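Peer 1: Sharing a structure below in structure tokens format, with a few things to ask.
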Amino acid sequence: MRTLLTALAIGLFAASVQAQSITTGEVTGIVTDDFGRPLNGVYVILTEVVRGVTREAETARDGQFSFGLLSPGEYQLYAERLGDQPVRVDGIYVGQGRRTNVPVSLTPATPPVERITTVQFRRPAVGIGGTGVFTDLELGRLPSPTREAAELGRFSSASSGTLATEGLPGHFSGVVVDGMTFRSALHEGLPWPDLPTAPFALSSFRAAELLTNGVDVEFAGFAGASLAGLSRGGTRDLEVGVFGDWTGGALTSSKHFDAGSLAHNSLRGGFFASGPVVRDTAHFFVGIEGSRLKVPMPPALQGTPTDLAFADIAASSFGVDVSDYLSPRLVSTDLLSAQGRLDWKFGPSYSLTLRANIGFFEAQDPELGTLRIPALELGQKGTDVSGFAALTSSFSRVVGLEQRIGIEYSQREYDPGSIGATALSVGPTVLGTDPVLPGEFSRFAFRASETLHLNAGKHRLKLGGTATISSIDRTYAAGREGGFVFSDVSSYAALDGLYTQTVGQAPLASYMASEFGGYLQDTWTPIPGIEFTGGLRVDFELLPRDEVVLNEAWLDLTGLANADSTSSSSVIKISPRFGVVADRGAWQVRADAAVHHGSVVPATLGELVAQSGRTERRQGFGVLSAWPDAPDAVTAPVIGPSLTLLGPDFQPPRTARTSVTFTADLGGGVRFDLSGAYRHTDFLPRRHDLNLATVNSAQDQFGRPIYGEIMQRGGLLVADPESNRRFTEFDVVSALDPDGYSDYWGVTTRLERRIGRFLSFFASYTYSETQDNWLSGLGGEPGLQLTPFPDSLDGRDWAEGRSDFDAPHRFTLGAEFDMGVWRLAGFFRGQSGVPFTPGFRPGVDANGDGSFRNDPAYVDDQVSGIPNLYGEWDCLRLQVGQFAERNSCRGPALRTIDLRLSLSPVTVGRYPVELVAEGLNILDPDVADLDNALYLVDPTGSLTIDPAAGVVTVPLVANPDFGRPVVRRSTGRVFRIGIKVNYE
Amino acid sequence: MSSGASMSLGKLCGYLFVLGLVLVSGAACGNAGADRVLVVETDGVLVGLAYFDANATREFDTGDEPLAGVGIALLAAGTSDTVEKVISAGDGQFSFPAIPVGSYEVVVDTATIGDSVIVADIDDAEVNITPGDSAVVNVAISFPLLTIGEARLRPVGRKIFVDGIALNSWPTFGDSTIHVSDATGSMRSVRAGPGTVSPGDSIRLRGTVSTRSGQKVIDLDRRVPTVLQIAELPAPAIVTTGVAASADGGVLDAAFVRLDSARIADTATVNQDLVVTVDDGVGQLEVVFDGDAQFDPGNFLLPGADIAVTGLLVPTGTGTWRLKPRSDFDVAITPPVISIVAARNAALGAIVFVDGIALNFWAAFGDSTIHISDNTGSIRATRVEDIVSVFPGDSVRFVGKIRVRDGQPVIDEVSVFSLGFSRVPPPQNVSTFEANAARVGTLDAALVSIANATISDTVTAAAGFHATVNDGSGPVIVEFDRDIPFNVAPYVPGARLNATGLLVPSGFGTWLFKPRAPGDVQLQ
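Chains as they are written, first to last, in our numbering: chain A, 1182 to 2165; chain B, 176 to 699.
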């Protein structure tokens, strides 16, 4: 009975609140007698189950004990005192950054004591963590397409598989492993980061959480979310595991294309081992995974009559075989990742962790993402290395110290194909090397942090500092490979079209970026179950202004110096944090408010360094001298140098976020979360063209301001490059101003349930709205990032509107049925479609600002064919008589289902053999870039100019294919079969 | 830690929480970066001066005048969009005080400057307005500066500037006409003011398009051409007489041309000008030696002489052109020299040019006869002009008419031109018989020698002392000219002699052997 009471007592009072460290947890408690009086002199031993490492303490007069800086995981606590019957508490789970309270009650017993009271710690469902904590289900038992850590994001209804979270792009989020940040060398010109966590296989994580609003002052550097993971460590006993799976042949199919005879055998395999080096003291983990994935995808060209005619002309007139573009393409990716970790506890107070991760990948014809041209013959390589060391010191109950150092190296290389980007405006036929390629990116960083923990009664203070020194090299400028746009096949045959290319010195940006920070945080527990956390973090980021070559010509013209367009060479970033938790065991309310700053995006600084006038843009509009080779300088002369400046008081994006989360333990293994979040991010870099003509020269028939003089050739519409510039000596002069913002609010509800081993599931739904004025989020060519109405539209900023990342509805569901011999797991994700803006085809610069594809269409029901689209596209009907609002239309919703069936029919010796079958992308949705052109420029018509009225009438016809797929990106259904063997 | 200290720390933390909330709330509201937008600051200033450019220098300098009321507009670069427009003030000044910085084009509202002038020049018509600095743009209103080709196409009465190379100096032809040329053609400027213009000067003319003799000219109305610099005279166009006479259909009007070779057909003096009609086989052309040009064409300006002329084509007003050399240096006359044998066969009365070696002094025989020879033969020149400086052995050119004396052709009324010094050719050895018949006439007037001739008879005649000599082949009479101081006493029959002399026809089918000096005769 007393045992039961003890157990109940433990269950009632068990709670978990904010702990001191972001990578470790804390176990505290009080030992009392039957009457609740504190007992001193009780010997308390805490044992980490996995490794067998123990920590010891003795209660003071107040009966309290505390174990800080504990590695997350399952623990066992043993309490005894002479004259009392010992108690062992099993199943204590310590989460990263969490403090678990374990009250213990001892009952007097007359020596000799012959038995130990064993109780099971009631794991408080509400105390495990916020809505972002990934469960075991998500960490390893659900189907996994890539086995990369970033894939965890797709399980969150507030994020995605690219860690694009709460309305911000994926590269705003980052990975923090064992408390150490890792950044890959990203190509920010692509809409989503590729393999951002290449060195971190999903299996290398033993715990992970998607922190969208980390209150702890140690979280910094990302304006988006942080995927905080804990790497797998050693074990008490030797454990070895291997796995392998295969897919190919008939196991892949799609209703959107026929892979046919395309060989696409894909293999994945891995090995890991963990165990003791010195039992109870030092442990190791090593793991390696490799994969060779070949993913068939739909043809780059859909085989329309225009596509076929294009291919014929390419072969007959230019001797270029593009037939491969008419066949299914194959995305091949070789990935190898490895991790090693050594934990060494030396003495009662110190532990050392060493970890190294490495990842290599090489891809052929990689999928570049939405709106990017699916090219063939592209090459991509990447290397990521992460090294880490941490020394944890517990000097006493009061003082602890964490010291971490880390190095990282990341490199990405994108090689172009043999054909430059080529599009037929009225096709639409699009193929070749996307203008945002190629590029080489690398970064090396050294990071160090030191954090002092002080446990002062009801206050837990944290004081520390960080330093990051990065070396970044980028060889990149958008448009180096050039791009062609022709009106139609006949103009293509005559090489009568548009060509643009960035030329000049290799746009190499090589610079150092340093960041230093200091922080102070207090966690105050005035009464049990109520906890306040307040902290302040101050960072200094040094901008590489000295690396920028002064463009004296621009300085003379405008008084603006590109070399010191920032008011200071450093940025001070102040990040206050605030949180309060009311934890009553069965329910918990958490309110957080925090400011997070990102770092200046390398793409921004790289562009500042590289675009100092050393690169120029050339453009030809008319009969070009060559294809696919670059036309000569006669038919495509240089327009002028490009230049980039930073806006005044430039600083990296800053996110302020508040959230309230209610979590309830509904009993029966059911956990319910309801959270609301508001995020405001400002200082987003927006691109403005400082060299656009000061006033528009005319307007089109809809009142759209036109800069310069536009010229028509067939279905193309291009501004005379001499006419639309403020200073004719320059081409586009970009100001990257920090005046962008993004607002997000969302409500998320999540339900988790675990019914024994039979059923585990979670379901999460998020409704959100994201608005911003930021056209740069998806990257791409600089022109895409320019607002089409630089002088405002009806007194407002047209760019303010629905974000590119707005997805109002997101739903995720994961479940596993465990029937012992077989287990069935499945994951469903559904979300709103991708928003887009009705506009024009490539090669149409409707407002003459020198940029293509950034102009919205005016919804005019007087144009024949437009009303016919209303039935399918309500977004058009609602906007008749006005310029289309940004992202006012939306593509079809996206839904995916992945399944996994595991069978454990046999055990060979001590080796349990598990057969695994996975079915990925079962629903096979038609993922595609949609044709956003509402109009085509009528090639049979011509511009009508009314000089007196200043009106240029552009001949337009409705595009009957509006909203139809242009480029399909479905990966089809994939079935994998594999085997998994664990030795424990 | 004491309870008091804990409470103080608690209060501090409480304040920090409140501060944190305020900071977070502040960051979460509004767009903090909204005003952090880089702009090309403010406006710039553009000022300038509108003036009449009186000398086409396109700079405001001496003689130029400020112009009021000129409309100046500023266009956005590369477009026809007027950003702003102003009118020049009374002092010609104009100003755009507040223009957004950028590239612009300055243009003039031509409606404000009238038809007779144009916008000749705008300094930096493409101008960058930059912050802090005032751009200065001057606008030159003037007459158009044209090429000659353009000027010829302008209607009569239009005022223009023309730059070209002067082809003659102001006083060359005694009037005020200066021919100019450039790469597009040539043209006459008339009524030029007196000034120092030399052929080859690059000059600027300001005048009015007019016509003279049916061709466009620039009427300078006594304005003095402005010499811009010393340039190189263009090479003359090579023409034929036919082309020159028509100025190649007018294309070469006023042009600087060269006639390489033509035959003088006629010469005449008209109004103090020497008009020489020449023909190279494709038509006749009149070459006018302007009476004001102080020509000295020399003695060969004769019909039949070849002539090369460089000069300027001047219309006659009747659809033809004349060629006017500017000085003697523009003319080269080449006489039609023929051989002696050709001269001997020439028609009677024909004027011939013969080059040869003089065989005797002028007046050696008391008359003005000189024998000359070349490698084709010999001939006598009679009535040679009074040139005493001709010596035997001189290379000379004889110009005269073919006549007959004593049955043999001679060059009569001869003008002599010394060509230099040479040597008397060696005499031909002949027998007395051959000398008597001049070897069937072929040695008429030739210098010959006889040897071992024995005097058979002597007689004193009016022309001198005659001795008949014979070397055994036949007799010949040796005439010792009375005007030569021969000592004839030893010349008695039976005496034998060797002699050199000229064969002179007797008029009776025989030739006399005439020694030229006592040294020509040696007694044995």
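Think of the CB as a built atom: it goes at the ideal place given N, C-alpha and C, for glycine as much as any other residue.
Given the structure is predicted, the values throughout are model-derived calculations rather than measurements.
Can you find a C-beta in chain A that's less than 9 Å from the C-beta of residue 239 of chain B?
Peer 2: Chain A contact via Cβ: absent.
Peer 1: With DSSP collapsed to three states, give me the class of residue 1966 of chain A.
Peer 2: In this structure, residue 1966 of chain A counts as helix in the three-state DSSP scheme.
Peer 1: Here's the rule I'm using: 16 or more other beta-carbon atoms within 10 Å means buried, otherwise exposed. How should residue 234 of chain B be labelled?
Peer 2: Looking at its Cβ environment, which holds fewer than 16 other Cβ atoms inside 10 Å, residue 234 of chain B is exposed.
Peer 1: At a CB-CB cut-off below 7 Å, which residues of chain B make contact with residue 1916 of chain A?
Peer 2: Ordered by position in chain B, the residues that pass the 7 Å Cβ test against residue 1916 of chain A are 213.
Peer 1: Around the C-beta of residue 659 of chain B, are 16 or more other C-beta atoms found within 10 angstroms, so that it is buried, or is it exposed?
Peer 2: It is buried - the Cβ of residue 659 of chain B has at least 16 other Cβ atoms within 10 Å.
Peer 1: Within its chain, find whatever has a CB closer than 6 Å to the CB of residue 1594 of chain A; leave out the 5 residues flanking it on each side and keep chain order.
Peer 2: Here the set comprises 1562 and 1621.
Peer 1: Here's the rule: buried if 16 or more other CB atoms are within 10 angstroms of the residue's CB, otherwise exposed. What is residue 1263 of chain A?
Peer 2: Residue 1263 of chain A should be labelled exposed.
Peer 1: Verify the CB distance criterion: does residue 285 of chain B have a CB-CB separation below 9 Å to chain A?
Peer 2: No, because no Cβ of chain A sits closer than 9 Å to the Cβ of residue 285 of chain B.
Peer 1: Can you give the Cα-Cα distance for residue 226 of chain B and residue 399 of chain B, rounded to whole angstroms?
Peer 2: Rounded to the nearest angstrom, the two C-alpha atoms are 22 Å apart.
Peer 1: For residue 2027 of chain A, does the three-state DSSP call read helix, strand or coil?
Peer 2: Coil, per DSSP.
Peer 1: Which residues in the same chain have their Cβ closer than 8 Å to the Cβ of residue 1429 of chain A, if we skip the five residues on either side of it in sequence?
Peer 2: Once the five neighbours on either side are set aside, the close Cβ partners of residue 1429 of chain A are 1444, 1445, 1446, 1447 and 1475.
Peer 1: Could you please give me the residues that DSSP links to residue 673 of chain B through a beta bridge?
Peer 2: Note: residue 673 of chain B sits in a beta bridge opposite B:697.
Peer 1: Just checking my contact of residue 294 of chain B with residue 285 of chain B at CB under 8 Å: how many whole Å lie between their CB atoms?
Peer 2: Contact flag correct, Cβ pair sits at about 7 Å.
Peer 1: Does any CB atom of chain A fall closer than 9 Å to the CB of residue 210 of chain B?
Peer 2: Interface residue, yes.
Peer 1: For a contact meaning CB atoms closer than 9 Å, what does residue 1765 of chain A contact in chain B?
Peer 2: The premise fails here: residue 1765 of chain A is roughly 21 Å from chain B at the closest Cβ pair, so nothing lies under 9 Å.
Peer 1: Which chain B residues sit within Cβ distance under 9 Å of residue 1906 of chain A?
Peer 2: Ordered by position in chain B, the residues that pass the 9 Å Cβ test against residue 1906 of chain A are 252, 253, 277 and 278.
Peer 1: Taking Cβ positions, are residue 1336 of chain A and residue 1345 of chain A nearer each other than 9 Å?
Peer 2: Cβ distance not < 9 Å, so residue 1336 of chain A and residue 1345 of chain A don't count as in contact.
Peer 1: Per DSSP, residue 1514 of chain A is paired with what?
Peer 2: Residue 1514 of chain A is bridged to A:1474 and A:1544.
Peer 1: Does the region 1734-1743 of chain A come into contact with the region 296-309 of chain B, if we say contact requires no fewer than three beta-carbon pairs (one atom in each stretch) closer than 8 Å?
Peer 2: Contact holds: three or more Cβ-Cβ distances are below 8 Å.
Peer 1: Output the distance between the C-alpha atoms of residue 1599 of chain A and residue 1865 of chain A, rounded to the nearest integer angstrom.
Peer 2: Taking the straight line from one Cα to the other gives about 35 Å.
Peer 1: If you follow the alpha helix (DSSP H) that residue 1499 of chain A is part of, which residue opens it and which one closes it?
Peer 2: Where residue 1499 of chain A is concerned, the enclosing alpha helix (DSSP H) stretches over 1486-1499.
Peer 1: Would you say residue 207 of chain B faces chain A, with C-beta separation under 9 Å as the test?
Peer 2: Yes - at least one Cβ of chain A is within 9 Å of the one on residue 207 of chain B.
Peer 1: Figure out for me which residue from B:386, B:253, B:296 and B:497 has the closest Cα to the Cα of residue 362 of chain B.
Peer 2: It is B:386.
Peer 1: Closer than 8 Å to a non-hydrogen atom of the ligand SAH - does that hold for the CB of residue 1341 of chain A?
Peer 2: Here there are no bound small molecules, and the ligand SAH is not part of this structure.
Peer 1: If we define contact as Cβ-Cβ less than 9 Å, is residue 1874 of chain A a contact residue for chain B?
Peer 2: So yes, residue 1874 of chain A belongs to the interface.
Peer 1: Given that residue 1871 of chain A touches chain B, what residues does it touch there, using C-beta distances under 9 Å?
Peer 2: The contacting residues are 213, 214 and 215.
Peer 1: If you draw a straight line from the C-alpha of residue 1653 of chain A to the C-alpha of residue 1779 of chain A, how long is it?
Peer 2: Answer to the nearest angstrom: the Cα atoms are 16 Å apart.
Peer 1: Output needed for residue 404 of chain B: all residues of its chain with C-beta closer than 8 Å, excluding positions within five of it in sequence on either side, in chain order.
Peer 2: So the list reads 376 and 377, once near-sequence residues are dropped.
Peer 1: Using 8 Å for Cβ pairs, my map puts residue 1566 of chain A next to residue 1589 of chain A. What's the rounded Cβ distance?
Peer 2: So it is a contact: roughly 7 Å between Cβ atoms.
Peer 1: Just the C-alpha distance for residue 1330 of chain A and residue 1875 of chain A, rounded to the nearest angstrom, thanks.
Peer 2: Straight-line Cα distance between these residues: approximately 49 Å.
Peer 1: Return the chain-ordered list of same chain residues with a C-beta closer than 6 Å to the C-beta of residue 1333 of chain A, the five sequence neighbours on each side being excluded.
Peer 2: Same-chain partners within the cutoff: 1315 and 1389.
Peer 1: In whole angstroms, what is the alpha-carbon distance linking residue 2080 of chain A and residue 2006 of chain A?
Peer 2: Roughly 6 Å separates the two Cα atoms.
Peer 1: Counting only beta-carbon atoms, is residue 272 of chain B nearer than 9 Å to chain A?
Peer 2: No, residue 272 of chain B lies away from the interface with chain A (no Cβ there is under 9 Å from its Cβ).
Peer 1: Quick check on this structure: which residue in A:1637, A:1702, A:1592 and A:1273 has the alpha carbon closest to the alpha carbon of residue 1644 of chain A?
Peer 2: Among A:1637, A:1702, A:1592 and A:1273, the Cα nearest to that of residue 1644 of chain A is on A:1702.
Peer 1: For residue 1878 of chain A and chain B, any beta-carbon pair shorter than 9 Å?
Peer 2: Cβ-Cβ to chain B under 9 Å: yes for residue 1878 of chain A.
Peer 1: To be precise: take each residue of the region 302-313 of chain B, compare its Cβ to all Cβ atoms of chain A, and keep it if any distance is under 7 Å. Which residues remain?
Peer 2: The residues in question are 303, 305, 306 and 307.
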